[in-house]
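Asks: Quick one: the structure is below, and I'll ask about it shortly.
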Amino acid sequence: NAGVMQNPRHLVRRRGQEARLRCSPMKGHSHVYWYRQLPEEGLKFMVYLQKENIIDESGMPKERFSAEFPKEGPSILRIQQVVRGDSAAYFCASSEYRNEKLFFGSGTQLSVL
Amino acid sequence: SQQGEEDPQALSIQEGENATMNCSYKTSINNLQWYRQNSGRGLVHLILIRSNEREKHSGRLRVTLDTSKKSSSLLITASRAADTASYFCATVGGSNYKLTFGKGTLLTVNP
Numbered sequence: 103n104a105g106v107m108q109n110p111r112h113l114v115r116r117r118g119q120e121a122r123l124r125c126s127p128m129k130g131h132s133h134v135y136w137y138r139q140l141p142e143e144g145l146k147f148m149v150y151l152q153k154e155n156i157i158d159e160s161g162m163p164k165e166r167f168s169a170e171f172p173k174e175g176p177s178i179l180r181i182q183q184v185v186r187g188d189s190a191a192y193f194c195a196s197s198e199y200r201n202e203k204l205f206f207g208s209g210t211q212l213s214v215l
Numbered sequence: 007s008q009q010g011e012e013d014p015q016a017l018s019i020q021e022g023e024n025a026t027m028n029c030s031y032k033t034s035i036n037n038l039q040w041y042r043q044n045s046g047r048g049l050v051h052l053i054l055i056r057s058n059e060r061e062k063h064s065g066r067l068r069v070t071l072d073t074s075k076k077s078s079s080l081l082i083t084a085s086r087a088a089d090t091a092s093y094f095c096a097t098v099g100g101s102n103y104k105l106t107f108g109k110g111t112l113l114t115v116n117p
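Here the protein sequences line up with chains H and Z, keeping their order. Note that the numbering used here has the first sequence beginning at 103, numbered continuously upward. Note that the numbering used here has the second sequence beginning at 7, numbered continuously upward.
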């Protein structure tokens, strides 16, 4: 089992561009979570999805941010019209059971110039 | 807010000593989990303790949970330099679907 795979590892975007972050959960995991982390801080919850359904998106800004977890393929976190304040590490995690024993990917470091 | 808060923010000890970190939270929980994060890496799950459990062990780790005080502690015995990392507690409770993390304790184990 390859673990949670996130790509790209590093993503550089200019202000106004779109950022697409991908996450392939562990085999057999139907629960996917996205978190954001700034330096020296903890993780901030963004969104929780369970196969094709958004369960809780209360941590994700209503504008510019969207997430999906299609039946086939990876989960995608999409940020439109990026701004400098979007620069952060974005971590994806997956689990077999809801909110228990999350396995994390290595993260995508987004830098907005 | 459900979010747990770890204490202390930073802890520096010598190899072989024990390290204790605490976590306090605000509302009732279903379970409490501890994770470790090495610099620049993703978090690694260490241990989960349910609300009806008081203590749990895993190798050199010992976790306690006091629901009356809304607090948990993580004890790492006989620490090693490789234990140097940030440690986070995470909680979820009631009808809340969010697993929320504290700001973490940065543990430094000096060889």
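The beta-carbon is built from N, C-alpha and C at its ideal position, and this holds for glycine as well. Because the structure is a prediction, the values reported are computed rather than measured.
Between which two residues does the beta strand (DSSP E) harbouring Gln43(Z) extend?
Replies: Start at 1 with the first residue of the second sequence, and residue 43(Z) comes out as number 37. Segment 37-43, the beta strand (DSSP E) holding Gln43(Z).
Asks: In chain Z, which residues lie with their C-beta within 9 Å of the C-beta of Ser196(H)?
Replies: For the purposes of this step, residue 196(H) is taken as the residue at position 94 of the first sequence. Near Ser196(H) there are no residues of chain Z at all, since even the closest Cβ is about 11 Å away, more than 9 Å.
Asks: Please name the residue in Val50(Z), Asp72(Z), Glu21(Z) whose C-alpha comes closest to that of Val115(Z).
Replies: Sequence index remark: in the second sequence, residue 115(Z) carries index 109 (1-based). The candidate whose alpha carbon is nearest that of Val115(Z) is Glu21(Z).
Asks: Pick helix, strand or coil for Arg66(Z), following the three-state DSSP scheme.
Replies: Position 60 of the second sequence, counting from 1, holds the residue named residue 66(Z). Arg66(Z) falls in the coil class under three-state DSSP.
Asks: Only counting the same chain, and skipping five residues up and downstream in sequence, which positions put a Cβ closer than 8 Å to that of Ser213(H)?
Replies: Working through the first sequence from its first residue, we reach residue 213(H) at position 111. Taken in chain order, the residues that qualify are His112, Leu113, Val114, Arg115, Ser189.
Asks: Using a Cβ cut-off of 7 Å, pull out every chain Z residue sitting near Gly144(H), in sequence order please.
Replies: In the first sequence, counting from the first residue as 1, residue 144(H) sits at position 42. Going along chain Z in sequence order, the residues near Gly144(H) (Cβ under 7 Å) are Phe94, Phe107, Gly108, Lys109, Gly110.
Asks: Output needed in chain order: residues of the stretch 60-91 of chain Z with a Cβ under 7 Å from some Cβ in chain H.
Replies: none
Asks: Taking a cut of 9 Å between CB atoms, which residues from the stretch 16-39 of chain Z lie near chain H?
Replies: Going along the stretch 16-39 of chain Z in chain order, one finds Asn36, Asn37, Gln39 with a Cβ nearer than 9 Å to chain H.
Asks: Have a look at Leu67(Z) and Leu81(Z) and give me their C-alpha separation to the nearest angstrom.
Replies: Here residue 67(Z) refers to the residue found at position 61 when the second sequence is read from its first residue. Here residue 81(Z) refers to the residue found at position 75 when the second sequence is read from its first residue. If I take the Cα positions, the gap works out to 6 Å.
Asks: Closest by CA to Ser78(Z), which one among Gly65(Z), Ser57(Z), Ser18(Z)?
Replies: Numbered from 1 along the second sequence, position 72 holds the residue referred to as residue 78(Z). For Ser78(Z), the nearest C-alpha among the options comes from Ser57(Z).
Asks: Please name the residue in Glu143(H), Leu204(H), Ser177(H) whose C-alpha comes closest to that of Asn155(H).
Replies: For this step, residue 155(H) is matched to residue 53 along the first sequence. Here the closest residue by C-alpha is Ser177(H).
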